[in-house]
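Colleague: Here it is, the structure in full.
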Amino acid sequence: MSDCSLCKVPILPILWSDHNFRIVLVTDQNIKGYLRLEALEHVSEIYQLSASIRQQMFSLLNIIEINLVNIFHPDKINIASLGNMTPHVHWHIISRYKHDNYFPESIWSTPIRNNLFENTQEEISNLKHQLTSMIKQRDAEQAFDS
Ligand SMILES: [Zn+2]
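This is the structure in structure tokens:
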């Protein structure tokens with residue numbers, strides 16, 4: 025859809041992508057370790073994706089979650105699929121810390137602290153490398169299974 029911002033190539037850095045999904049690093053909300061998993065197909069609800077794409081989606085969510093824990097050591101991971109503003113299937117996977125600006129509320133609430141958070145270059149390249157290698161490994165295992 026031409027008026028859908030997620031149908032366009034994002035301005036934010038893409039850490040990984042294939043023909044069904046892309047993983048984008050969200051850097052505009054003053055939060056460390058915040059990724060978005062975006063379906064490339066324009067559908068508004070998860071049930072509208074094919075079963076195999078849904079399966080891939082949950083597998084990617086799982087891989088993203090593991091890597092955020094390993095690299096950012098958050099106190100909690102938040103995973104949200106809202107899409108009220110942008111009705112195009114995507115997930116927010118967010119590392120949360122007890123000292124972040126919103127904890128214990130969601131990151132869309134009014135900030136209650138005023139700390140600065142920034143991903144280091146090392147964290148970003150580590151994340152990119154680990155995501156790519158874990159997804160490649162999963163793809164190899166699935167090819168082996170079938
Ligand atoms: Zn779209």
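Heads up, the sequence shown is in this note's numbering, so the first residue is 25 and it goes up one at a time.
For every residue, glycine included, the Cβ atom is placed at its ideal position computed from N, Cα and C.
Please report how far the alpha carbon of Asn125 lies from the alpha carbon of Ala167, in whole angstroms.
Modeller: Straight-line Cα distance between these residues: approximately 43 Å.
Colleague: Kindly provide the ranges of any beta strand (DSSP E) runs that are 3 or more residues long and lie completely inside the segment 34 to 101, ordered along the chain.
Modeller: The qualifying runs are 38 to 41, 45 to 49, 58 to 63.
Colleague: Look at Leu151 and Leu61 and say whether their C-beta atoms are less than 9 Å apart.
Modeller: Cβ atoms of Leu151 and Leu61: not closer than 9 Å.
Colleague: Would you say Thr156 and Leu64 are within 9 Å of each other, going by their C-beta atoms?
Modeller: Against a cut-off of 9 Å, the Cβ pair of Leu64 and Thr156 comes out as no contact.
Colleague: Under a three-way DSSP split, which group does Ser133 fall into?
Modeller: Three-state DSSP puts Ser133 in coil, outside helix and strand.
Colleague: Short check: CB of Ser68 to CB of His116, under 9 Å?
Modeller: No; because the gap between Cβ atoms is not below 9 Å, this pair is not in contact.
Colleague: Lys100 to Ser74, Cα distance in whole Å?
Modeller: Cα-Cα distance, rounded: 30 Å.
Colleague: Relative to the alpha-carbon of Pro98, which residue among Leu106, Ser105, Glu89 has its alpha-carbon at the smallest distance?
Modeller: Closest by alpha carbon: Glu89.
Colleague: Need the endpoints of the beta strand (DSSP E) that His114 sits in, please.
Modeller: Unbroken beta strand (DSSP E) run through His114: 114 to 120.
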